[in-house]
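Taken in order, these protein sequences are the chains called A and B. Under our numbering, think of the first position of the first sequence as 34, with each following residue one higher. Under our numbering, think of the first position of the second sequence as 34, with each following residue one higher. Ideal Cβ positions, reconstructed from N, Cα and C, are used throughout, including at glycine. On a predicted model such as this, the values are computed, not experimentally measured, just so you know. To keep things clear, I will list the structure first and then write my remarks on it.
Protein chains: 2
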Amino acid sequence: MTYCLAIKLDEGLVFCSDSRTNAGADQVSSYSKLHRFSMPGDRQLVILTAGNLATTQAVIERLDRDLRGEADYNFAKAEQISDMADYIGRISIEEQKKFVDGDSPKAGFKPEASFIVGGQIKGNPTELYLIYPQGNHIRCSDEHPFLQIGETKYGKPILDRIIRPETPHEVAMRCALVSMDSTMRSNATVGPPIELLFYQVDTLQDPAKYYKLVEDDEYWMLLRKSWDQKIIESFDELPTISEHQE
Amino acid sequence: MTYCLAIKLDEGLVFCSDSRTNAGADQVSSYSKLHRFSMPGDRQLVILTAGNLATTQAVIERLDRDLRGEADYNFAKAEQISDMADYIGRISIEEQKKFVDGDSPKAGFKPEASFIVGGQIKGNPTELYLIYPQGNHIRCSDEHPFLQIGETKYGKPILDRIIRPETPHEVAMRCALVSMDSTMRSNATVGPPIELLFYQVDTLQDPAKYYKLVEDDEYWMLLRKSWDQKIIESFDELPTISEHQE
């Protein structure tokens, strides 16, 4: 499984991803799910991937090849990040179709993949999209400006409580890690290293901050332990039912 | 959707359920999903239901009819709660089959239902089971002794952190409500009234505590607000990344 999320702040974009990949419980490995395409001073793109690893690798490779070669369309020619979302959606469908015979895929075989793409092209605001396995895409909401792919539910409540467009990037990055922690506690197939990136709006440069947190990273361990303690303390301080109900 | 959970404590059993039912977003109503069968001094049973409302109503009605009539098997004749879990699983399958022609159910029609059953029969310990739509059932784990049906993921992290067999029932009941709160914030089709019940081990009597919390219940509102504030405060107090990473 996978858990990736991205947040669209007034200050810029935050991306966070785990690195665990598994095909069955006995075939677990670690792959980065965060991919960057950078043309400093002109455009920046970050892609997070979830789903079938063969599909996501093929899509990223194709984007890379199109950018280096003479493709009709590529990241360098994109006018908007939303066009890139269309383009990635199309490529994803093409790659998925390669491995399905007619309308009846082999039982249990799932070539599907999801993507989050975000970035900025000179002269435009930052943009952030989620691309479904069917190739279509959505924007994040204005009030709760984040998108998730993979194992999304365990880590959603804390994002709902904390994340707003005006949240400082430092707070949003910490919230992404707490959301990742809740997910990893409940789903063993989501695991470190955790990649965490902040792109600062209008810089059009490489990320202002980038961290790769391994399992025994000092800050990651401190954060997890502190959060666990604080949750338990907070819970203990809640009003009790017997005080309020006869 | 639905969210129900049950907890197996040394002190007894805690059950909690929401009451929202919907068939499409424009057909929302409120039904109790917590059902009790009581034979004071001899045996006690609580059933929580999720899934197709027609199926769960038919199953509960059938249990009731079997108990009042001359059925070969019923709750009064059960030797163990696990036998009841088998029996409910069989009835559930029978009811589901009534509405499916052959092997090809109508596209989009889902007669499936899940159940949590728990209770105690004189001379035995308390028992707690989750019955899958396929009719088979599982016990809860010893370390994290709770079971959930319906929309289970949003509310699981807090249960993982707090619930242990030795947890006092008052704490477990509060934790069930916090778990319900996290779920309701993220899924609009889970809603009040919230039913909350505590059966005290070896009493074989009606529940020691039972609450039905409506949306504007004073304690429920206080609990939700306090938890939200404490989570946000706790989060604000966490160590910051910039302190720990260059």
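Query	Result
When the cut-off is 7 angstroms and only beta carbons count, does Ser-174(B) lie next to chain A?	no
At least one CB of chain A closer than 7 angstroms to the CB of Leu-271(B): is that the case?	yes
Taking 7 angstroms as the CB-CB limit, is Pro-201(B) close to chain A?	no
Beta-carbon separation of Arg-257(B) and Asp-214(B) under 7 angstroms?	yes
I want to see whether chain A comes within less than 7 angstroms of Gln-278(B), judged by CB atoms only; does it?	yes
Would a C-beta distance cut-off of 7 angstroms place Glu-145(A) and Gly-84(A) closer than the cut-off?	yes
Cβ of Tyr-244(B) less than 7 angstroms from any chain A Cβ?	yes
Mind checking whether Gln-77(A) and Leu-237(A) have CB atoms under 7 angstroms apart?	yes
Select from the segment 251-266 of chain B all residues with a C-beta closer than 7 angstroms to any C-beta belonging to chain A, and list them in chain order.	Glu-251, Tyr-252, Leu-255, Leu-256, Ser-259, Trp-260, Asp-261, Lys-263, Ile-264 and Ile-265
Helix, strand or coil for Thr-35(A) per DSSP?	coil
Just the chain A side, please: which residues come within less than 7 angstroms of Met-34(B) by C-beta, in chain order?	Within chain A, no residue comes near Met-34(B); the closest Cβ sits about 12 angstroms away, beyond 7 angstroms.
Taking a contact to mean a Cβ-Cβ separation below 7 angstroms, would you say Gln-233(B) touches Gly-45(B) in this structure?	yes
Assuming Ile-149(A) is part of the beta strand (DSSP E), what are its boundary residues?	146-154
Please work out which residues of its chain come closer than 8 angstroms, Cβ to Cβ, to Pro-166(A), disregarding the five sequence neighbours upstream and downstream, and give them in chain order.	Gly-84, Ser-125, Gln-129, Glu-145, Ala-146 and Ser-147
DSSP three-state call for Ala-109(A): helix, strand or coil?	helix
Between Thr-273(A), Val-204(A), Phe-48(A) and Pro-226(A), which lies nearest to Tyr-64(A) when the distance is taken from Cα to Cα?	Pro-226(A)
Got a sec: is the Cβ-Cβ distance from Pro-190(B) to anything in chain A below 7 angstroms?	yes
When DSSP labels each residue in this structure, what does Thr-54(A) get in the three-state scheme?	strand
Identify whether Gly-122(B) lies in helix, strand or coil by the three-state DSSP scheme.	helix
Helix or strand or just coil, what does DSSP make of Ile-171(B)?	strand
Pick out whichever of Asp-250(A), Phe-231(A) and Glu-248(A) has its Cα sitting closest to the Cα of Ala-241(A).	Phe-231(A)
What does the alpha-carbon distance come out to for the pair Lys-66(B) and Ile-121(B)?	15 angstroms
Assuming Ala-118(A) contacts Ile-164(A) (C-beta within less than 8 angstroms), just tell me the rounded distance between them.	6 angstroms
Do we get a CB-CB distance below 7 angstroms when we pair Met-206(B) with the residues of chain A?	yes
DSSP three-state label for Gln-90(B), please.	helix
Given this structure, state the Cα-to-Cα distance separating Asp-235(B) from Gln-153(B), to the nearest angstrom.	8 angstroms
Please report the straight-line C-alpha distance between Ser-13(A) and Ile-40(A), rounded to a whole angstrom.	The first residue shown for chain A is 34 and the last is 279, placing residue 13(A) beyond what the model contains.
Checking 7 angstroms against the spacing of the C-beta atoms, do Leu-223(B) and Met-217(B) come in under that value?	Per the sequence shown, the amino acid found at residue 223(B) is Val instead of Leu. Yes. Within cutoff.
Pick from Leu-86(B), Ser-275(B) and Glu-248(B): whose alpha carbon is nearest that of Phe-132(B)?	Leu-86(B)
At which residues does the alpha helix (DSSP H) containing Tyr-252(A) begin and terminate?	251-269
In this structure, what does DSSP give as the bridge partners for Ile-182(B)?	Cys-37(B)
To the nearest angstrom, how far is it from the Cα of Glu-160(A) to the Cα of Ser-115(A)?	7 angstroms
I want to see whether chain B comes within less than 7 angstroms of Arg-218(A), judged by CB atoms only; does it?	yes
Helix, strand or coil: how does DSSP classify Ser-282(A) here?	Outside the modelled stretch of chain A, which goes from 34 to 279, sits residue 282(A), for which no answer is possible.
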